[in-house]
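Accompanying notes for the structure given below.
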């Protein structure tokens, strides 16, 4: 009888070890053998260009001139953006910039105020 835990995604009992990971052959889900690491990795931490942790509602400033795709507008260095919202994806900050409107920014081009 196997002492390995069932798959947390599909509850399959046919899990197997692959190095330090556990793998489910039915749904191809992989997770850590310790089990605690998955709960910590589910919530990603977004950081700005200097390593400060960003949260919803923070105020940030732009550290580089950013061209707005499809227009001749430019978000200038030092532009303050209030009340940001974090989202998933490549552009992980959703915000509204005065004079430009709603847009998404990458966290690597901003600094927390």
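Residue numbers (UniProt numbering): 1 to 113.
Every residue, glycine too, gets a C-beta built ideally from N, C-alpha and C.
Computed from a prediction, not measured in an experiment: that's the story for all the values here.
{"Asked": "CB contact check: residue 92 to chain B, cutoff 9 Å", "Found": "In the structure shown, chain B does not exist; there is a single protein chain."}
{"Asked": "Coarse secondary structure for residue 34, derived from DSSP in three states", "Found": "coil"}
{"Asked": "Limits of the unbroken beta strand (DSSP E) element including residue 61", "Found": "60–62"}
{"Asked": "Own chain, CB closer than 8 Å to residue 100, minus 5 neighbours either side, in chain order", "Found": "68, 73, 75"}
{"Asked": "Per DSSP, the bridge partner or partners of residue 17", "Found": "22"}
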